[in-house]
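Protein chains in written order, with the numbering used here: chain S, 1 to 240; chain C, 1001 to 1340.
Just below is one structure, and these are the notes that go with it.
This is the structure:
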């Protein structure tokens, strides 16, 4: 579904990603694990088209999307919930969702999933029923956990076939992390693939089908999450 | 209880405003009726500008171009094609300003922030220079050139026919006032609908953070362009109304100083609330009329008044009124608890 091949990305003069390669298959949860500053967010931003690539290629559903802008990638079926949630603070939750729902039905959208607009929103509510009660609240007045729920719900309203989650568990209490892990499993059961950037290997290994470990912009491990826990090089890189 | 009271207050305000609008020609002197009509026209222009400025977050310093184009287009049509219908004059103005906004906006939305403001200013100054130097008039041959030499870029238009009826000097302004009211009501309704539609919310999302907007699938540049074009429609509408009300169109209406006036009036009322630009336009015209009594220090008095408003009410008049209402509510809340 998603093939990222030998990408090199810069942030200003800093060379962040060094020939990074990874892939996500249909209905798969893939975790990208690394400590702070390893290049996880840069990888997600590069895939989403928020950072230009110096070299390399990104193929999504067989189409080379390397040169496509972010909004076209979103319309091709890529949903994104960033680390800072990315809600529009002055809009209510309903309005945040309304924009995505409206865009999901806009002409020119390539519908990879069978669900669109309102149906997609209902699917999002089935994953996070808590969001339904928040619809009249402004994005500014939500707690951290609520913001993360709304961010994922909003990304789902666009009917994505691939969901990119950046540090979805960051700053959440352990009980809430379990709630989010259940939500991720439910999203996967809906047929949506997930690529998740995560700094906690234990949390990642609870949900990942496959795992990539990243350090200093390079993939240092790729395989089964349980094997990652036994891999000394991975553990050393994650501890810093 | 609170909702019912708020709804009742709104109904009372709307009914009072409606009644005032209807009786204004009888209640006001001809001079004040013209000032009041200018305020309505400026309101349409400021609301149109605010779609780009307050809603989409792009400061335009060149919206006078679309206002002026709306005023001039029909004047050329009258002068060279002898069309004397106000409806055609209005349509010509709106079409010209829309087309102009589409072309200029296409290039301007490629930039953001100060670069966007500079581009809009540059385009409007180019248009202004075409009128002030007479280049536009040259296109209409010797007659156009002599018209330029006669008026220095200004154009005079007579009282046009409204729905095919020719009105005399005494009755034209009261009748035309109702035309302005009609266009004002339609414009406010349409812009309110646009602001509260998913498209309007999308523009606000772009204003708040264009990167976030892009990754949820919003074609940011295209939507900024659409906002610019729609804004041009309402500026053209306002410009055409102004042209007929004033009957004297000058390159001043294309100048950047007029663009600055539009921005000032909008900021004065408040850019974040729908009614802000309207209120700003009314207060601006009111202050301008008061300051006009002192011919020598007119601009200085106007400048000082505006400085006062900007320093004391940084969120505009509507923002200040909202804060005052909230403070009054908070002050009353403990009293109610005490009564219980």
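Idealized CB from N, CA, C, for every residue including glycine.
Predicted model, so just to flag it, every value in this text is computed and none were measured.
Closest in alpha carbon position to residue 1096 of chain C, among C/1054, C/1035, C/1013, C/1076, is C/1076. DSSP, read as helix, strand or coil, puts residue 1255 of chain C in coil. Per DSSP, reduced to three states, the secondary structure at residue 1327 of chain C is helical.
For residue 1143 of chain C, the enclosing alpha helix (DSSP H) stretches over residues 1141 to 1151. Taking the Cα positions, residue 1150 of chain C is about 13 Å away from residue 1249 of chain C. Using beta-carbon distances, residue 1113 of chain C does not count as an interface residue toward chain S, since no partner is under 9 Å. One alpha carbon belongs to residue 1112 of chain C, the other to residue 1059 of chain C, and they sit about 9 Å apart. Contacts between residue 98 of chain S and chain C, judged by CB atoms closer than 8 Å, involve 1198, 1201 in chain order.
For the C-beta of residue 1247 of chain C, not a single chain S residue is nearer than 7 Å; the gap to the nearest is close to 43 Å.
Taking C-beta atoms under 8 Å as the contact rule, residue 1064 of chain C and residue 1241 of chain C fail to qualify, at a distance of about 15 Å.
Residues 1173, 1245 of the same chain have their beta carbon placed closer than 8 Å to that of residue 1034 of chain C, with the five preceding and five following residues left out of the count. For residue 11 of chain S, the enclosing beta strand (DSSP E) begins and ends at 2 to 11.
Inter-segment contact for the stretch 156 to 163 of chain S and the stretch 77 to 86 of chain S is present: three or more beta-carbon pairs are separated by less than 8 Å. In the DSSP assignment, residue 1061 of chain C falls outside any alpha helix (DSSP H), carrying neither H nor E. When only Cα atoms are considered, residue 1132 of chain C and residue 1259 of chain C end up about 16 Å apart. Assignment of residue 101 of chain S by DSSP, reduced to helix, strand and coil, places it in the helix class.
Membership of residue 1250 of chain C in any beta strand (DSSP E) is not indicated, and neither H nor E is assigned to it by DSSP. Inside the stretch 1076 to 1122 of chain C, DSSP marks whole alpha helix (DSSP H) runs of 4 or more residues at positions 1086 to 1108, from first to last along the chain. Taking residue 238 of chain S as the centre and dropping the five residues before and after it, the same chain places the C-beta of 35, 201 closer than 6 Å to its C-beta, in chain order. Less than 9 Å separates the beta-carbon of residue 184 of chain S from that of residue 207 of chain S. The C-alpha of residue 74 of chain S lies about 8 Å from the C-alpha of residue 48 of chain S.
Runs of the beta strand (DSSP E) lying entirely within the stretch 113 to 181 of chain S, each at least 3 residues long, are 162 to 166 in chain order. One Cα belongs to residue 158 of chain S, the other to residue 125 of chain S, and the distance between them is close to 13 Å. For the C-beta of residue 1220 of chain C, the chain S residues within less than 8 Å are, from N- to C-terminus, 71. Scanning its chain for C-beta atoms nearer than 7 Å, with the 5 sequence neighbours on each side dropped, one finds around residue 1100 of chain C the residues 1065, 1066, 1069, 1232, in chain order.
Shown here, residue 55 of chain S sits in a strand according to DSSP, grouped into three states.
The Cβ neighbour count for residue 1262 of chain C, taken over all protein chains shown within 10 Å, is at least 16; the residue is labelled buried. Those residues of the stretch 1020 to 1052 of chain C placed with their C-beta closer than 7 Å to a C-beta in chain S do not exist. Rounded to whole angstroms, residue 1028 of chain C and residue 1156 of chain C show a C-alpha spacing of 26 Å. Distances from the alpha-carbon of residue 1227 of chain C to those of C/1021, C/1037, C/1004, C/1050 put C/1050 closest.
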